[in-house]
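Residue numbers (my numbering), protein chains in the order written: chain H, 1 to 134; chain A, 135 to 268; chain X, 269 to 402; chain R, 403 to 536. Just so you know, even glycine gets a beta-carbon here, dropped at the ideal spot from N, CA and C. In this text the structure is predicted, and so the values were computed from the model without any measurement. In what follows, a single structure is set out as structure tokens and then discussed.
Protein chains: 4
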Amino acid sequence: MTLPRIIADADVQLAVDGETLARSIDAFLACAAACTACSSACLAEDDVARLKDCIATNDVCAAICEATATVAARLHKGSWTALQKQLEACLHASRACADECREHAAQHDHCRGCAEACERAEKAAGMLLEAIPA
Amino acid sequence: MTLPRIIADADVQLAVDGETLARSIDAFLACAAACTACSSACLAEDDVARLKDCIATNDVCAAICEATATVAARLHKGSWTALQKQLEACLHASRACADECREHAAQHDHCRGCAEACERAEKAAGMLLEAIPA
Amino acid sequence: MTLPRIIADADVQLAVDGETLARSIDAFLACAAACTACSSACLAEDDVARLKDCIATNDVCAAICEATATVAARLHKGSWTALQKQLEACLHASRACADECREHAAQHDHCRGCAEACERAEKAAGMLLEAIPA
Amino acid sequence: MTLPRIIADADVQLAVDGETLARSIDAFLACAAACTACSSACLAEDDVARLKDCIATNDVCAAICEATATVAARLHKGSWTALQKQLEACLHASRACADECREHAAQHDHCRGCAEACERAEKAAGMLLEAIPA
């Protein structure tokens, strides 16, 4: 992964190093991709009617995680509050999606995988929230 | 605009009608486009070094407004908290971007136009926040 | 709409004026929002199993139209080929989505509205493709 | 990475396995993040005026790679042409961005890292293009 090297070059001013920030951005993007793929796989299932909430939660979480990755990769002193609020949105969306996907984990592998990706995004968002300067 | 007709069909459960929700989504998208175009126009200016904060704020606001439009267009009972947090991120990002762009409004038409688009997005986010069921 | 004023300020070098370019960007964004809202409305329908292709086509079209709007709003001499290829993707995605949504137009208002938004995006993409310098 | 497991579950019908498709999606997302971070790092440099083309190319490439990742993660028989066109846009955008970033690689580590991420996205797009059924 070359992202740490790119990030490290910037003057981040968060209480985390570039490597940690890069891993967080990676967690948001991996979550967005997992949610998109899980939504698509749910849609193809025979029991799609039972998976409506899962698809809806996946799609919302994907959009929020994508924006969070972009904002975190554009760290800038004028954007602390925006980043903080965006991380809070990400924390809630990924927690809600992990909860929803976990309910279908026994039936569908894609839901189990997606729940794990959401949990990692939730943790990354929580960690970055604590690293924002007061 | 056909969006009100599409939205009206859904069971929104917000304390706003479909027409108002559609206008809000339109305000978020118009703000994202204005921020992207303003960022690109700032970059082409001779005094780009003075416009660094404006470009950075524009890019963050564009990403957040785009995600907010998507989440608002996917309204779903399981996503109230995610929508609320995303609207708060949108409110702060568009306010910060309006403030920054207004500082360059006398020199650059694109900054004046962008500040106005940001103000409309901020108002739309504030209004939807009040319409979310408790 | 303030976008024409922002765009007009830039040195576009397309064979269209800023007003026309701004209306095209607006058509791509309106299509993305319509596809997202139609996908969400389809998912909430009782006959969701019959609307699987419509949801999938909507979601693909929304992602492509969003990117096309961003690229078109960032016009830059180094990006002509990328813009051309992105417009071709947009043309095909919005045509495919218009075709799919039209099949459900009699049953669902949101599909009829979305088909119209897709047709406008397809026309805008075709027009911009002809305006790119050779 | 949980994405291969999610993708593997779907009926892909591309001439690649789920693992390869997942690695490609990862390459598009890593490229989008690298371009966004490189754009932000360029903007913070003292010689920003010399990096204008790099920033513009980065921003276009990020938007296109993000959409490509989404479309590839939503593979669906009705979307072959849209995927093909989107992959062509991705191929060109990431090649153009790799070329541009390589010119600044000696001066800026973030440009060197970004050029490598773009090259991997270009290769992934080329490989998937060959795997689309005729």
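(message) Given a cut-off of 9 angstroms on the beta-carbon distance, is the pair Ala164(A) and Ala251(A) in contact?
(response) yes
(request) Within its chain, find whatever has a CB closer than 7 angstroms to the CB of His372(X); leave out the 5 residues flanking it on each side and keep chain order. (result) In chain order, Leu319, Cys322 and Cys379 place their CB closer than 7 angstroms to the CB of His372(X), counting only its own chain and leaving out the 5 sequence neighbours on each side.
(message) Which residues of the region 94–105 of chain H have a Cβ closer than 7 angstroms to any Cβ of chain R? Give them in chain order.
(response) For chain R, none of the residues of the region 94–105 of chain H brings a beta carbon within less than 7 angstroms of one of its beta carbons.
(message) So, for Leu128(H): in the same chain, excluding its five sequence neighbours on each side, which residues have a beta-carbon less than 6 angstroms away from its beta-carbon?
(response) Answer for Leu128(H): Ser24 and Leu87, listed in chain order.
(message) Just checking: is the beta-carbon of Ile7(H) within a distance shorter than 9 angstroms of some beta-carbon in chain A?
(response) no
(message) Suppose contacts are defined by Cβ-Cβ distances below 9 angstroms. Is Ala364(X) in contact with Ala484(R) by that definition?
(response) yes
(message) Does the beta-carbon of Val48(H), which I'm using as the reference point, lie nearer than 8 angstroms to any heavy atom of the ligand MG?
(response) Within the structure as shown, the ligand MG is missing, as the structure has no ligands at all.
(request) Give the secondary structure of Ala134(H) by DSSP, where H, G and I count as helix, E and B as strand, and everything else as coil. (result) coil
(message) Quick check on this structure: which residue in Ile6(H), Ala134(H) and Asp99(H) has the alpha carbon closest to the alpha carbon of Ser79(H)?
(response) The shortest Cα separation from Ser79(H) among Ile6(H), Ala134(H) and Asp99(H) belongs to Ala134(H).
(request) Given a cut-off of 9 angstroms, decide if Ile275(X) and Arg203(A) are closer than it, judged by their beta-carbon atoms. (result) The amino acid at residue 203(A) is misidentified as Arg; the sequence shows Ala. No, the Cβ-Cβ distance between Ala203(A) and Ile275(X) is not below 9 angstroms.
(request) Could you tell me if Lys211(A) is buried or exposed, where buried requires 16 or more neighbouring beta carbons within 10 angstroms of its beta carbon? (result) exposed
(message) Do Ala168(A) and Gly269(A) count as a contact pair if the criterion is CB distance below 9 angstroms?
(response) Any property of residue 269(A) remains undetermined from this structure, which presents chain A solely from 135 to 268.
(message) Does the CB of Ala469(R) have a neighbour CB from chain A at under 9 angstroms?
(response) Taking a beta-carbon distance threshold of 9 angstroms, Ala469(R) does not count as an interface residue toward chain A.
(request) Pick helix, strand or coil for Glu179(A), following the three-state DSSP scheme. (result) It is coil, neither helix nor strand.
(request) Mark Glu130(H) as exposed unless 16 or more other C-beta atoms lie within 10 angstroms of its C-beta, in which case mark it buried. (result) exposed
(request) Please confirm whether Ala309(X) and His376(X) have their CB atoms less than 9 angstroms apart. (result) yes
(request) Check the Cβ-Cβ distances between Ile534(R) and every residue of chain A, and say whether any is below 9 angstroms. (result) no
(request) Measuring only between beta-carbons, confirm whether Gly247(A) sits less than 9 angstroms from chain X. (result) yes
(message) Would Ala223(A) pass as an interface residue toward chain R - the criterion being a Cβ-Cβ separation below 9 angstroms?
(response) no
(message) If I measure Cβ to Cβ from Glu19(H) and keep anything under 6 angstroms in the same chain, skipping five residues before and after, which residues do I get?
(response) Pro4
(request) Label Asp277(X) either buried or exposed according to how many other C-beta atoms from any shown protein chain fall within 10 Å of its C-beta, with 16 as the threshold for buried. (result) With a pLDDT of 49 at Asp277(X), under the threshold of 50, the modelled position of this residue cannot be trusted, and the question is left open.
(message) For Met269(X) and Ile64(H), I'd like the C-alpha separation in whole angstroms.
(response) Bear in mind that the predicted position of Met269(X) carries a pLDDT of just 49, short of 50, making it too unreliable to give a figure here.
(message) DSSP three-state label for Met269(X), please.
(response) Annotation note: pLDDT 49 at Met269(X) (below 50); position unreliable, no value reported.
(message) Using the Cβ count rule (16 or more neighbours within 10 Å means buried), how would you classify Asp461(R)?
(response) buried
(message) Please state the DSSP three-state secondary structure of Gln220(A).
(response) helix
(message) So that I know if they touch, is there some Cβ in chain R lying closer than 9 angstroms to that of Cys310(X)?
(response) no
(request) Please classify Ala500(R): is it buried, with 16 or more other beta-carbons within 10 angstroms of its beta-carbon, or exposed? (result) buried
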